[in-house]
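FYI, the numbering for the sequence shown is 505 to 571, going by the numbering used here. All residues carry an ideal CB built from backbone N, CA and C; glycine is no exception. Please read these numbers as outputs of a predicted model, since none were measured by experiment. Just below is one structure, and these are the notes that go with it.
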Amino acid sequence: MKKRRYTDLYGYTSDEFDRWLERGINKKLRSAGKSRSELDMATVFAAYEDETRKLPRRRLREMRTAT
């Protein structure tokens with residue numbers, strides 16, 4: 505029997521989503537003049553909120569996995 509599994513809410517694979525988030529974090533760090541070692545949770549959450557707000561919504565992609 506095969507189960508259907510959806511990648512995530514926005515329709516992106518985890519690699520694509522990670523790239524979007526990484527880019528957002530880098531933008532936040534540059535604008536604040538911080539180095540990568542000064543990364544804090546507030547920066548990560550702010551980047552997540554900003555980037556997900558701007559993401560174009562894709563249809564949910566379906567992945568089939570055999571069980």
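Check whether residue i and residue j have beta carbons under 7 Å apart
i, j, result
"alanine 551", "glycine 528", "yes"
"glutamate 553", "leucine 525", "no"
Boundaries (first-last residue) of the alpha helix (DSSP H) holding residue i
i, result
"threonine 556", "545-558"
"lysine 531", "518-536"
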